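Peer 1: Handing you a structure now.
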Amino acid sequence: MGEDREVSKKVVHLKTGILEFEDSPKLNSLISFGSRMNRKRGFLFVSRVLGKHLPTKPSVMKKNFREMKEKVLEEIDNSKKTLFIGFAETATALGQGVFEELFLENSFYIHTTRYQTSKEKLLEFREEHSHAPSHILYKPDFPLDFENIVLVDDEVSTGKTTLNIVKELKTIFPNANYFSISMLDWSEVKSDVKFLSLHSGKFEFTSKEFEIPKVVSENPKAKNLVFKNFGRFGVLKKLDLDFSFLNLQELTGKRVLVLGTSEFMYPPYLLAKYLEKVGVDVYFQATTRSPVNVDGVIESKLSFKDNYFEEIDNFLYNLVEYEKIIICYETIELPQSFQLRKLLEREGYSVDEVFF
Numbered sequence: 014m015g016e017d018r019e020v021s022k023k024v025v026h027l028k029t030g031i032l033e034f035e036d037s038p039k040l041n042s043l044i045s046f047g048s049r050m051n052r053k054r055g056f057l058f059v060s061r062v063l064g065k066h067l068p069t070k071p072s073v074m075k076k077n078f079r080e081m082k083e084k085v086l087e088e089i090d091n092s093k094k095t096l097f098i099g100f101a102e103t104a105t106a107l108g109q110g111v112f113e114e115l116f117l118e119n120s121f122y123i124h125t126t127r128y129q130t131s132k133e134k135l136l137e138f139r140e141e142h143s144h145a146p147s148h149i150l151y152k153p154d155f156p157l158d159f160e161n162i163v164l165v166d167d168e169v170s171t172g173k174t175t176l177n178i179v180k181e182l183k184t185i186f187p188n189a190n191y192f193s194i195s196m197l198d199w200s201e202v203k204s205d206v207k208f209l210s211l212h213s214g215k216f217e218f219t220s221k222e223f224e225i226p227k228v229v230s231e232n233p234k235a236k237n238l239v240f241k242n243f244g245r246f247g248v249l250k251k252l253d254l255d256f257s258f259l260n261l262q263e264l265t266g267k268r269v270l271v272l273g274t275s276e277f278m279y280p281p282y283l284l285a286k287y288l289e290k291v292g293v294d295v296y297f298q299a300t301t302r303s304p305v306n307v308d309g310v311i312e313s314k315l316s317f318k319d320n321y322f323e324e325i326d327n328f329l330y331n332l333v334e335y336e337k338i339i340i341c342y343e344t345i346e347l348p349q350s351f352q353l354r355k356l357l358e359r360e361g362y363s364v365d366e367v368f369f
């Protein structure tokens, strides 16, 4: 169980089945549990430190980035040219956070995406168990001569997704050293990829029959969506964003949620981190296309269409009391079908919007 010393058997009863695993203090600090609307994988390890399904303090996220950074530093030769790759949707901020905490002299960052753009693709691969299995990695504008490739994800269950992308990467970088760093690693994969994690162990899930409502998770017909580059097309340096436009007096003394949208997580996280640094009681979270039941630690769900003009079903989970919600977008305009602000205001929240 790695560095975990105190372990005990735990059984979690979910709407979709029974999850059994060895618990530990470290595991408990990282996750809780829920269930997916997905017959391929009915359970969900719900992260306490990612800011996706649960609101999270920016300082907690940063602490997690640093812990993962230390795991990477133990293993890689940091003098070699290194590419860090974060996995969409959940680990876009995680990957960039680890990259920025490390910030090696010859390091670069990019994340996979499910969005079609006019940019040239480097490769495509599949996350086969997912509600939205298609992944794209766009070709970055910097030279493709990496000696280390570090894949950053929140969780490795079987290792199959990791091996799927590595298979494609090896056609481009056959001589690179491959590493996977995650918070959780449940896999027992034997390969030349070095798997690193904050917690490793085993689990068993006994599925039972459950209903799955119709959800739109992918739109293969969507084309030529254009976004600014905060990581999707590759970055060479830390993001330097100016938040001087904020009215801090308006936020002081209030409980605030900074809300990212879909894959757009890291710049909103930086906004939340800035607010926390100046003394605002702030939490970070992001919307998601991940269809999850109200079950386990997931206590509430708000459903709406996405802000990327794809008509994808999006969700916001575990919404609690805030005196201000700041929704953050990389999209420069919003479709009429995107009703998140109206839904939140209908619930009595005061909402601001920021277009990055």
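Residue 369 is where the sequence shown ends in the working numbering, and the numbering goes up by one at each step.
From the three backbone atoms N, C-alpha and C, an ideal C-beta is built for every residue, glycine too.
Computed from a prediction, not measured in an experiment: that's the story for all the values here.
1) Just curious, the beta strand (DSSP E) that Phe-56 is in, first and last residue?
2) When you compare the CB positions of Gln-349 and Phe-317, do they come within less than 9 Å of one another, or not?
3) Starting from Ser-170, trace the beta strand (DSSP E) both ways and give me its first and last residue.
4) Taking three-plus beta-carbon pairs below 8 Å as touching, is the region 291 to 299 in contact with the region 209 to 229?
5) Measure the alpha-carbon distance for Ser-204 versus Val-293 and round it to whole angstroms.
6) Alpha carbons only, please: which of Phe-256, Pro-156, Gly-172, Lys-134 is nearest the one belonging to Ser-195?
7) Quick one, which of Pro-153, Glu-276, Thr-69 has its alpha-carbon nearest Thr-105's?
8) Beta-carbon within less than 8 Å of Met-14's beta-carbon, same chain only, minus the 5 sequence neighbours each way: which residues are those?
9) For Arg-302, which three-state DSSP category applies?
10) Leaving out the 5 sequence neighbours to the left and right, which residues in its chain are closer than 8 Å to Val-73 when beta-carbon positions are compared?
11) Under a Cβ-count criterion, where at least 16 other Cβ atoms within 10 Å of its own Cβ denotes burial, should Gln-262 be classed as buried or exposed?
12) Measure the alpha-carbon distance for Leu-315 versus Leu-329 and round it to whole angstroms.
13) So within the region 233 to 290, which uninterrupted alpha helix (DSSP H) runs reach at least 4 residues, ignoring any that extend past its ends?
14) Measure the CB-CB distance between Leu-164 and Ile-123 and report whether it falls below 9 Å.
15) If you count every other CB in all the chains shown that lies within 10 Å of the CB of Ser-42, and 16 or more means buried, which is it?
16) Ordered along the chain, which non-local residues of its own chain (more than five positions away) have a Cβ less than 7 Å from that of Glu-358?
17) Helix, strand or coil: which one does DSSP assign to Lys-183?
18) What is the DSSP secondary structure of Leu-63, reduced to helix, strand or coil?
19) Assign Ile-340 to one of three DSSP states: helix, strand, or coil.
20) Would the beta-carbon of Glu-133 fall within 9 Å of that of Met-81?
21) Just grab the DSSP bridge partners of Thr-95 for me.
22) Which of the three DSSP states is assigned to Glu-137 in this structure?
Peer 2: So, from the listed chains and residues:
1) 56 to 60
2) no
3) Taken as a continuous stretch (DSSP letters only), Ser-170 belongs to no beta strand (DSSP E), as it is neither H nor E.
4) no
5) 46 Å
6) Gly-172
7) Glu-276
8) Bear in mind that the predicted position of Met-14 carries a pLDDT of just 43, short of 50, making it too unreliable to give a figure here.
9) coil
10) Arg-61, Val-62
11) exposed
12) 5 Å
13) 261 to 264, 279 to 290
14) no
15) exposed
16) Val-364
17) helix
18) coil
19) strand
20) no
21) Ser-120, Asn-161
22) strand
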